[in-house]
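Here the sequence shown is numbered in the numbering used here, starting from 2 and rising by one per residue.
Only one structure is covered here, and it is reproduced in the block below.
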Amino acid sequence: MPSVLVADPVDSLLLRLLSERGFEVEYRPKVSREELLREAHRFDVLVVRSRTRVDSELLKAATSLKVVARAGAGLDNIDLEAARRLGVKVVYSAGASQSVAELTIGLLVAAFRMIPLYDRLVKLGEWPKGRYPGRELAGKTLGVIGFGRIGSRVAKLAKALGMHVLAYDKRDIAGEAREAGAEPSSLSYLLSESHAITLHVPLTRETYRMISWRELEAMRDGAVLVNTSRGAVVDGRALLSALNSGKLAAAAVDVLEHEPPKESWEKELIAHPKVIATPHIGAETSEARRRIAAELAEAIARELGDELG
2 MPSVLVADPV DSLLLRLLSE RGFEVEYRPK VSREELLREA HRFDVLVVRS
52 RTRVDSELLK AATSLKVVAR AGAGLDNIDL EAARRLGVKV VYSAGASQSV
102 AELTIGLLVA AFRMIPLYDR LVKLGEWPKG RYPGRELAGK TLGVIGFGRI
152 GSRVAKLAKA LGMHVLAYDK RDIAGEAREA GAEPSSLSYL LSESHAITLH
202 VPLTRETYRM ISWRELEAMR DGAVLVNTSR GAVVDGRALL SALNSGKLAA
252 AAVDVLEHEP PKESWEKELI AHPKVIATPH IGAETSEARR RIAAELAEAI
302 ARELGDELG
């Protein structure tokens, strides 16, 4: 019977589906790094989210490991080259795409209408009706950087709100963009023309701090930046400077370079009055959790089907 270690919090549906398929499941969502290194050799499958770092050291210690299953779409916490070299398959689920797209639009609306600011003032006993006029999304240009499952969904939702959408990806996305009602664009044109920009790229060597001083300076004055991808895609210090100078009107971040924040500039960023911050909740809906559980159980069973008899 193949054994599975679930090392991060997941929906109970995943545990049930794996057990029903004949897997022996051990659920330890708070397992420490030291415990993992000591005990990983006992398991055929390791299920993780973003908390657990699956690096070369852990993969070498997991001598029986056949599959690493990522409950989510981001693979930046997994050493894919080491996994390939050691013959360990990596599977993942993109079942949170709709939830992340909806959060992106929600953050965009909140930033344009300054909802968190008004909420704060009302709770302090004020009634500041009309003090800070917001802006409509309709008629504005949204730049979507990264046009995969999430980016394309964001584009469709933005179109429904009356926005003009520019889309950039390093791939050829002409057909996909047209299908979503977006206009394919160069990165430079998107930066200069967009009233708001949303980020939906994986964290790789190429995308690390792809939005830095130069890109922020190239953006339209008074633009809004929304990041629901990975924190390190944006140079946080540069973003802080752009907010302080008034170059950007606002930013909304669901992700940080370190989670929870540990650098002083990260703490300053999330406390900034022009910043809306959420604690990496893009995938945190009951629907997304269930989809991820079902997709991941299927992927794991597919990889180890022969061992299930």
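Even glycine gets a Cβ: it sits at the ideal position worked out from N, Cα and C.
Roughly how many angstroms separate the alpha carbons of M211 and S287, rounded to a whole number? 32 Å
What residue ranges within the region 27-60 form continuous alpha helix (DSSP H) runs of no fewer than 4 residues, ordered along the chain? 34-40
To the nearest angstrom, report how far apart K263 and E194 are at their CA atoms. 34 Å
For S153, does the three-state DSSP call read helix, strand or coil? helix
For V145, the three-state DSSP class (helix, strand or coil): strand
Can you give the Cα-Cα distance for M220 and L18, rounded to whole angstroms? 47 Å
Proximity to K248 [Cα-Cα], best of A224, L109, L257 and A289: A224
Please give me, in chain order, every unbroken run of the alpha helix (DSSP H) with length at least 4 that falls completely inside the region 254-278. 265-271
For L108 and L226, what's the separation of their Cα atoms in angstroms? 10 Å
Any contact of the region 274-284 with the region 99-106, i.e. 3+ C-beta pairs under 8 Å? yes
According to the Cβ coordinates, are R206 and D12 closer than 7 Å? no
Given a cut-off of 7 Å on the beta-carbon distance, is the pair W266 and R231 in contact? no
With DSSP run on the structure shown, which of helix, strand or coil describes L118? helix
Can you check the region 149-200 for any beta strand (DSSP E) of at least 3 residues that lies completely inside it and give the ranges in chain order? 165-169 and 197-200
By the three-class DSSP mapping on this structure, what secondary structure does V110 have? helix
Could you check what DSSP says for I282 in three-state terms: helix, strand or coil? coil
Tell me, which residues are paired with Y93 by DSSP? R71
Confirm the yes/no value for this check: CB of G73, any heavy atom of the ligand NAD, distance under 6 Å. Only the bare structure without any ligand can be found here, which leaves the ligand NAD out of the picture.
Can the beta-carbon of V234 be found less than 7 Å from the beta-carbon of T208? yes
Closer than 8 Å is the cut-off here; do at least three beta carbon pairs connect the region 22-32 with the region 61-70? no
Do you know offhand how far L192's Cα is from S57's? 37 Å
Just curious, the alpha helix (DSSP H) that A8 is in, first and last residue? Premise fails: A8 is in no alpha helix (DSSP H) and is neither H nor E.
Under three-state DSSP, which class holds E207? coil
At the level of alpha carbons, what is the spacing between L81 and V92? 11 Å
Under 8 Å by Cβ, that's how I've got K160 and G182 pegged, so tell me the actual separation to the nearest angstrom. 4 Å
Of the residues I79, A84, G75 and Y119, the one placed nearest R150, counting alpha carbons only: G75
Any idea what DSSP makes of L104, helix, strand or coil? helix
Thinking just about the alpha-carbon of each residue, which of V202, I106 and S187 is nearest to the one in K157? I106
I'd like the list of long-range same chain contacts for A302, defined as Cβ closer than 6 Å, with 5 residues on each side in sequence excluded. R22
One question on the structure: do H87 and L60 come within less than 7 Å of each other, judged by their Cβ atoms? The sequence given here has Leu at residue 87, not His. Taking 7 Å as the Cβ cut-off, L87 and L60 qualify as a contacting pair.
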